[in-house]
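Q: Sharing a structure with you now.
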Amino acid sequence: MTKLLLVLGSVASIIIPIFNQVRTPAKKNNNKNSSSHPLIDWFLISFGMKLPNKLSPEERTSIIGHLQGSAKGSWSTLVSDYFYLNTCEINFENCFLSLLIGRMLQSKYTKFTPIINHQLMMKAGLLMNLHDKSDDKYLKKLNQLVGKVDGISMFASEDLIARLTNVFEGKLIHNGITDGQNHIKYVELYQEFQNDYYGIVLNWRLLEIIHQLNLTYLEELNEDHEQILNDVQTIEKILDQKSSIYKYFELFVTIIDSKRSPNLYASLRGKVQNSLDRFKAEIEGLDLTDHEIYNTSDEENTELEDAPPAPPKVKPSLRAQRSLVASLGLVDEEEFIILTSCLILYFTSLQQPSQASRLLFYLKDSSSKLTLLGFTALVTLINNLKPTADEDSEALDILVKNCREWLNDTKLTDFMEVELRSELTKIVVNKGMILNGVEDETEDNVVINKD
């Protein structure tokens, strides 16, 4: 009994000062039962002196609301939520929230690490074997992600924890993060799922995983990609195909498997056609006022019997509307580069070099200010395509220069390991040497910019 009291006393001597440090008077009243304190309940339940609590829908909503920013960055509230969750019955959602909040507390207060590290490890072990039984769509998908793809790796992602902490504190999403990629997509996903916290966590993590798979693909550019293809097949089952992240995923998958190029073409074509139809409907709807439409409708009703049948309208092709597509920006440069590069490799695999050469011509004007996906598409094309004419060599030489410029721009590639950047530079430089008449692909005397 004396040893137990000593243990409790030593733990309390660490926890209570931290709790007092982050506590604010305005948050002394919370939604939890005022007759008990989460910290006291945590001690009692941890030592088997009390049965676990049941997390009510109101308390669940309150905790998720705090994570979404309603607590206005009050860390004492988050500390209280953490200990309260650990007094609740064990299920996937409670373990997930406990792990997530615990990692945020560890990131904010290093003194928490020795206190809760063991408990977080236990929760992580449980999480891997728990099945979600709720009706929450994105919580179920998180359960699938943890069980089939990611394990507990998401809780080790410092960038993910930092972004979620920024949401909790009401700061800019990218505050303190310099990964250099996908900043806009993180914001787009936040706006898309801002009313569903689990949707934000899921899609931000999926975006990270796709980014990591992209880097792995570049590391293994000349190797077999069977494992990556297996991974993306599993991820595809989790993704919501109506979400904007699916479009990003579709671009990446087409790069590593050019056989899916027709699917990407059909998808982008459908997107462009729908956008054009909406644009034209809005423009044509502006031609008449409501009063004019009303009067015109009456006139049409009286003259309908006498009027000859109108000839059917001919819908112009996308090719005929190319200038309108360009002016409206319906296909961005990243999509254009990826689709064109993948179609070139697709037609090459079908032994249709004339089609591939015709498409290669359109890439000559591409910019060196590439995204990672755009670069990945071009370096895949450069690495696999053998020119069949002088015009092909000229176009490929331009793409080689664009890729070299991108690799040498540290502002665009600061997220990339030096070794990977050097290896990619070597691949690109070797291809440039071949295009310019140097046949030795294993040339080692190449100066690589490692800055």
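Numbering (mature numbering (1 follows the signal peptide of the UniProt record, and there is no 0)) for the sequence shown: -20 to -1, 1 to 431.
Using N, Cα and C, we set each Cβ at its ideal position, and we do this for glycine too.
(1) Quick check on DSSP: helix, strand or coil for ASN162?
(2) Check whether the Cβ atoms of ARG185 and ILE141 sit closer than 7 Å, and answer yes or no.
(3) Do the CB positions of ILE225 and LEU125 come within less than 7 Å of each other?
(4) Output needed for LYS120: all residues of its chain with C-beta closer than 6 Å, excluding positions within five of it in sequence on either side, in chain order.
(5) In chain order, what residues of the same chain have a beta carbon less than 8 Å from the beta carbon of GLU216, not counting five sequence neighbours either side?
(6) Is the beta carbon of HIS33 less than 7 Å from the beta carbon of CYS75?
(7) Counting C-beta neighbours from all protein chains within 10 Å, is the total for ASP370 16 or more, i.e. buried, or is it exposed?
(8) Among ARG384, VAL181, SER321, LEU110, which has the Cα closest to the Cα of ASN71?
(9) Can you name, in chain order, every residue of its own chain whose Cβ lies under 8 Å from the Cβ of ASN363, other than the five neighbours on each side?
(10) Can you check DSSP and say which residues form a bridge with ASN33?
(11) Figure out for me which residue from LEU358, VAL409, SER348 has the closest Cα to the Cα of THR390.
(12) Given that a residue counts as buried once 16 or more other Cβ atoms are within 10 Å of its Cβ, and exposed if not, what is ILE164?
(13) Looking only at its own chain, which residues have a Cβ that is under 6 Å from the Cβ of GLY417, when we skip the five neighbours before and after it?
(14) Write down the C-beta distance between ALA375 and ILE317 rounded to the nearest angstrom, noting that I regard them as a contact closer than 8 Å.
(15) Only counting the same chain, and skipping five residues up and downstream in sequence, which positions put a Cβ closer than 6 Å to that of LYS128?
(16) Hey, ARG143 and ILE153 are a contact pair by Cβ (cut 8 Å); roughly how many whole angstroms apart?
(17) Which residue marks the beginning of the alpha helix (DSSP H) containing ARG338, and which one marks its end?
(18) Am I right that GLN48 and TYR166 are in contact with their C-beta atoms under 8 Å? What's the rounded C-beta distance?
(19) Just checking my contact of LEU65 with TYR118 at CB under 8 Å: how many whole Å lie between their CB atoms?
(20) Which whole-angstrom value is the C-beta distance of ILE157 and ASP139, which I expect to be below 8 Å?
(21) Assign MET101 to one of two classes, buried (16 or more other C-beta atoms within 10 Å of its C-beta) or exposed (fewer than that).
(22) Compare the beta carbon distance of SER238 and LEU325 with 7 Å and say whether it is the shorter of the two.
(23) Among the residues of its own chain, which have a CB less than 6 Å from the CB of CYS322, if the five just before and after it don't count?
(24) Please state the DSSP three-state secondary structure of LYS86.
(25) Taking the Cβ atom as the reference point for each residue, do TYR197 and ILE208 lie within a distance shorter than 7 Å?
(26) Identify every run of the alpha helix (DSSP H) within the stretch 118 to 151, keeping only runs that are complete inside it and at least 4 residues long; order them along the chain.
(27) Excluding the 5 residues flanking GLU315 on each side, which residues of the same chain have their C-beta closer than 8 Å to its C-beta?
(28) With 16 as the cutoff for other CB atoms within 10 Å, does LEU365 come out buried or exposed?
(29) Sort THR393, LEU361, LEU392 by Cα distance to ILE378 and report the nearest one.
(30) Just to confirm before moving on: does the CB-CB distance between GLN335 and PHE327 stay below 7 Å?
(31) To the nearest angstrom, how far is it from the Cα of SER36 to the Cα of SER42?
(32) Helix, strand or coil for GLN221, going by three-state DSSP, please let me know.
(33) Beta-carbon within less than 7 Å of GLY150's beta-carbon, same chain only, minus the 5 sequence neighbours each way: which residues are those?
(34) Of all the options VAL59, LEU107, LEU106, MET108, which has the alpha carbon lying nearest to the alpha carbon of GLN86?
(35) Does the beta-carbon distance from LEU352 to GLN161 come in below 7 Å?
A: In short, the structure shows the following:
(1) In the sequence shown, the residue the question calls residue 162 occupies position 182. Note: ASN162 maps to coil in three-state DSSP.
(2) In the sequence shown, counting from the first residue as 1, residue 185 sits at position 205. In the sequence shown, counting from the first residue as 1, residue 141 sits at position 161. Not closer than 7 Å, so no.
(3) In the sequence shown, counting from the first residue as 1, residue 225 sits at position 245. In the sequence shown, counting from the first residue as 1, residue 125 sits at position 145. Result no, Cβ atoms of ILE225 and LEU125 do not sit closer than 7 Å.
(4) For this step, residue 120 is matched to residue 140 along the sequence shown. The residues are ASP112.
(5) Along the sequence shown, one-based indexing puts residue 216 at 236. Around GLU216: PHE229, VAL233.
(6) Within the sequence shown, residue 33 is the residue found at index 53, counting from 1. Within the sequence shown, residue 75 is the residue found at index 95, counting from 1. The amino acid occupying residue 33 in the given sequence is Asn; His does not appear at that position. No, the Cβ-Cβ distance between ASN33 and CYS75 is not below 7 Å.
(7) Numbered from its first residue, the sequence shown carries residue 370 at position 390. Exposed, since its Cβ has fewer than 16 Cβ neighbours within 10 Å.
(8) Counting from 1 along the sequence shown, the entry for residue 71 is found at position 91. Of the candidates ARG384, VAL181, SER321, LEU110, the one whose C-alpha sits nearest the C-alpha of ASN71 is LEU110.
(9) Here residue 363 refers to the residue found at position 383 of the sequence shown. LEU201, ASN202, ILE407, LYS411.
(10) Counting from one through the sequence shown, the residue named residue 33 turns up at place 53. Paired residue(s): CYS68.
(11) Locating residue 390 in the sequence shown gives position 410, where the first residue counts as 1. The residue with the shortest Cα to Cα distance from THR390 is SER348.
(12) Within the sequence shown, residue 164 is the residue found at index 184, counting from 1. Per the 10 Å Cβ criterion, exposed.
(13) Stepping through the sequence shown from its first residue, residue 417 is reached at position 437. There are no such residues.
(14) The residue labelled residue 375 in the question sits at position 395 within the sequence shown. The residue labelled residue 317 in the question sits at position 337 within the sequence shown. 13 Å between Cβ atoms; not a contact.
(15) Residue mapping note: residue 128 aligns to position 148 of the sequence shown, counting from 1. Answer for LYS128: THR214, listed in chain order.
(16) Position 163 of the sequence shown, counted from the first residue, corresponds to residue 143. Position 173 of the sequence shown, counted from the first residue, corresponds to residue 153. Contact flag correct, Cβ pair sits at about 6 Å.
(17) Along the sequence shown, one-based indexing puts residue 338 at 358. Per DSSP, ARG338 belongs to the alpha helix (DSSP H) from 333 to 341.
(18) Counted from its first residue, the sequence shown places residue 48 at position 68. Counted from its first residue, the sequence shown places residue 166 at position 186. That pair is no contact at about 16 Å.
(19) By one-based count along the sequence shown, residue 65 stands at place 85. By one-based count along the sequence shown, residue 118 stands at place 138. The Cβ separation is near 19 Å, so there is no contact.
(20) Looking up residue 157 in the sequence shown gives position 177. Looking up residue 139 in the sequence shown gives position 159. Confirmed, about 6 Å.
(21) Taking the first residue of the sequence shown as position 1, residue 101 is located at position 121. When all chains shown are included, MET101 counts as exposed.
(22) Taking the sequence shown and counting its residues from 1, the one referred to as residue 238 is at position 258. Taking the sequence shown and counting its residues from 1, the one referred to as residue 325 is at position 345. Yes, the Cβ-Cβ distance between SER238 and LEU325 is below 7 Å.
(23) If you number the sequence shown from 1, residue 322 lands on position 342. These residues qualify, in order along the chain: THR234, SER238, SER241.
(24) For the purposes of this step, residue 86 is taken as the residue at position 106 of the sequence shown. Checking the sequence shown, residue 86 turns out to be Gln, not Lys. GLN86: helix per DSSP, three-state reduction.
(25) Here residue 197 corresponds to residue number 217 of the sequence shown, with the count starting at 1. Here residue 208 corresponds to residue number 228 of the sequence shown, with the count starting at 1. Result yes, Cβ atoms of TYR197 and ILE208 sit closer than 7 Å.
(26) 138 to 149
(27) Residue numbering aside, residue 315 sits at position 335 when the sequence shown is read from its first letter. Correct list, in chain order: LEU231, LEU248.
(28) Counting from one through the sequence shown, the residue named residue 365 turns up at place 385. With 16 or more other Cβ atoms within 10 Å, it is buried.
(29) On the sequence shown, position 398 is the one that residue 378 refers to. Of the candidates THR393, LEU361, LEU392, the one whose C-alpha sits nearest the C-alpha of ILE378 is LEU361.
(30) In the sequence shown, counting from the first residue as 1, residue 335 sits at position 355. In the sequence shown, counting from the first residue as 1, residue 327 sits at position 347. Yes, Cβ-Cβ distance for GLN335 and PHE327 is below 7 Å.
(31) Counting from 1 along the sequence shown, the entry for residue 36 is found at position 56. Counting from 1 along the sequence shown, the entry for residue 42 is found at position 62. One C-alpha to the other measures close to 10 Å.
(32) Your numbering for residue 221 matches position 241 in the sequence shown. Of the three classes helix, strand and coil, the one that applies to GLN221 here is coil, per DSSP.
(33) On the sequence shown, residue 150 is found 170 positions in, with the first residue counted as 1. Cβ neighbours of GLY150 beyond the five flanking positions: GLY49, LYS52, GLY53.
(34) Counting from 1 along the sequence shown, the entry for residue 86 is found at position 106. Checked all of VAL59, LEU107, LEU106, MET108; the closest Cα to GLN86 is VAL59.
(35) For the purposes of this step, residue 352 is taken as the residue at position 372 of the sequence shown. For the purposes of this step, residue 161 is taken as the residue at position 181 of the sequence shown. Yes, the Cβ-Cβ distance between LEU352 and GLN161 is below 7 Å.
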